[in-house]
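Notes to accompany the following structure.
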Amino acid sequence: MAILRFRIVYQDRVGILSDIARELSLQQVNIITLELSPNVMFMEAELPTGLDFSRINLLLHKVEGVKDVELVERMPHQEREWHLQALLDSISDGILAIDQEGKIVTINPVAETIFRIKRQEALGRPVAEILSPDIPMLKCLQDGQPYSHKEMILNTRRGRLHFLTTGRPIKDEKGRVIGVVASIKDMSEVRQLVYSVTQPPMTTFADILKTSPSLRPLIDLAQTVARGNSTILIRGESGTGKELLARAIHMASRRRGKPFVPINCAALPDSLLEAELFGYGEGAFTGAKKGGKQGLFEFAHQGTLFLDEIGELSPHLQAKLLRVLQEGRVRRIGEQEEIPVDVRIICATHRNLEEMIGNGRFREDLYYRLNVVPLYLPPLRERKEDIPGLVKSFIEKFNQRLDKNVQVIEPQALKRLESYDWPGNIRELENVIERAMNLAAGPRLQEQHILLERNQEVRSTLPRNNFGEMRTLAEIVAEVEKEVIRQALSRYKSGRQAAKALGLSHTALQNKIKKYQLADGN
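Quick note on the working numbering: the sequence shown kicks off at 33 and runs consecutively.
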């Protein structure tokens with residue numbers, strides 16, 4: 033008996049799958065697994081003694097509509113699992129995942145080191161037994177609530193374990209919690225998680241065109257340049273989908289099987305961003321990890337590094353980035369050795385870089401290195417014909433996430449969306465649809481479900497003062513300040529970006545957020 037895996041390309045017709053199965057059954061071939069996609073079938077099968085691939089190939093080509101049969105090393109799901117495991121094994125943070133019974137299903141080498149246990153000993157065993165019944169993963173498994181930066185000190189048979197953990201529930205298509213995945217960080221390596229292991233499915237150009245047909249000329253250009261290695265600069269307002277376009281470019285490139293690593297240059301302090309991008313050597317600074325740490329340039333080797341908000345880089349980091357682009361080498365903080373890296377850079381900004389060059393805030397030589405292939409994503413107000421497709425996509429998304437069954441948006445509701453200017457672009461539209469989905473009780477989104485808070489803001493940004501109840505100037509100014517901060521937090525991705533836009537330090541903005549009891553803008 034031999035187990036082989038085939039890729040069968042066929043012309044779709046009624047009954048072709050049953051004809052293939054019948055032909056194999058006559059030869060006593062045991063079909064173990066089938067995976068289907070349009071006009072392509074992947075099959076894992078057990079062949080009886082004496083039957084080899086050459087005979088199978090001849091037999092299947094006799095079936096009307098079969099165009100090609102070839103051997104493959106892995107089934108598609110096995111290929112995905114292999115890539116995921118390779119990614120997990122190369123990540124510099126520990127990763128631990130449990131199933132709905134609380135048993136460990138994934139542990140990467142870094143987590144093995146932190147927990148002082150081998151993978152073979154951990155897999156299949158309850159996490160409560162390996163670590164502690166008080167591990168926050170188990171609470172997350174019960175209530176479905178994510179947690180962030182939980183400090184744990186555990187005394188185990190393997191010694192004292194001291195680490196930070198951040199966890200998220202894994203949900204099925206109906207929103208049921210079926211497991212938990214957590215990042216684990218040794219306390220000597222306290223830092224923000226700058227990329228997600230369980231990334232959302234990678235976006236393709238077809239995905240973008242499905243919701244935004246007006247972008248066809250841009251996508252045609254992006255598809256052409258995706259095949260090369262030149263640096264790409266994506267311009268556009270916040271919320272227009274620059275990262276989605278970058279992911280699609282990566283997926284259409286020769287690097288698609290390698291990491292796509294996004295980082296927001298405005299979301300981290302300068303010193304932490306430098307350590308994340310370039311890594312550091314042992315003893316580079318107080319608390320530096322023993323043996324040093326790999327930077328994102330090294331991790332993204334042979335893949336794509338997406339630098340969002342590139343206009344926020346400090347002059348110091350602009351110079352270091354320019355050096356990497358010129359020489360193809362990085363030097364970890366505190367080390368002299370230069371490490372060769374093969375990384376494609378895609379960057380994005382909503383800033384006017386040309387103006388920043390004029391006032392000395394951005395290097396002209398770096399600009400020309402980055403702006404080899406410029407791409408521009410227009411704001412949503414300039415392509416309102418895309419709104420119906422985007423709305424349909426968001427309805428499908430939130431039907432799953434919110435366990436809803438919305439089937440249609442009424443014409444008046446859609447008309448209201450199309451008459452709005454969308455200063456927050458697609459991100460704001462997604463927010464409005466999610467809010468509407470929460471309000472909808474039936475299968476239709478109606479006009480009253482569409483709450484556009486900015487409409488009220490446009491009509492009256494300043495607070496109304498009832499002079500019958502006289503208020504002080506300080507009270508009125510405070511109310512205006514509160515409203516301006518609230519709008520900035522709504523528009524920008526992070527508190528740091530909002531602070532920069534308002535001309536405040538991050539600490540000053542956080543103090544005002546507490547003062548006015550606004551949502552935290554970290």
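Beta carbons: idealized from backbone N, C-alpha and C, even for Gly.
In the displayed model, G126 falls within a strand according to three-state DSSP. Of the residues V72, I48, A77, the one whose Cα lies closest to the Cα of Q60 is A77. Within the model, the alpha-carbon separation for L58 versus M73 is close to 19 Å. When the beta-carbon positions are compared, L265 and P406 come within less than 8 Å of each other. In this model, V375 and L337 are separated by some 7 Å (Cα to Cα). By DSSP's assignment, Y179 forms a beta bridge with G199.
The beta carbon of R476 sits closer than 8 Å to those of V438, Q439, V440, I441, E442, all from its chain and outside the five residues before and after it, given in chain order. Take the alpha-carbon of L541 and the one of R286: they are about 43 Å apart. Per DSSP, C297 has no beta-bridge partner at all.
Membership of N89 in the alpha helix (DSSP H) is indicated by the continuous run 85–93. In this structure the stretch 166–176 does not touch the stretch 149–157; the number of beta carbon pairs closer than 8 Å is below three. The stretch 345–361 and the stretch 294–310 touch, with three or more beta-carbon pairs separated by less than 8 Å. If you check the CB distance, I210 and Q132 come in under 8 Å. For E450, the closest of I419, I202, F85, V142 by C-alpha to C-alpha distance is I419.
Residue pairing by DSSP leaves G392 without any beta bridge partner.
Per DSSP, the unbroken alpha helix (DSSP H) holding A154 starts and ends at 151–154. The beta carbons of Q432 and G82 sit no closer together than 8 Å. T236 sits close to M283, with the two beta carbons spaced by under 8 Å. Under the Cβ criterion (8 Å, minimum of three pairs), the stretch 119–126 counts as touching the stretch 134–145. A506: member of the alpha helix (DSSP H) spanning 505–523, first to last residue.
Only residues of its own chain outside the window of five on either side were considered, and among them G311, V362, I371, V373 have a CB closer than 7 Å to the CB of E330, listed in chain order. Taking C-alpha positions only, L128 is separated from L90 by approximately 46 Å. Partner residues in the beta bridge of L36, as assigned by DSSP, are A77. At least 8 Å separates the beta-carbon of C297 from that of L354. Going by beta carbons, K99 and V41 fall inside the 8 Å limit. Taking R151 as reference, the option from I136, T243, L163 with the minimal CA-CA separation is I136.
Between L103 and R37 a beta carbon distance of about 7 Å is seen, short of the 8 Å cut, so the two are scored as contacting. About 7 Å separates the beta carbon of G289 from that of H115, a gap short enough to meet the 8 Å contact definition.
L357 is a Cβ neighbour of R401, given a cutoff of 8 Å. When beta bridges are read from the DSSP output, H194 appears opposite I185.
The residue among E386, E144, Y399 with its C-alpha nearest the C-alpha of C379 is Y399.
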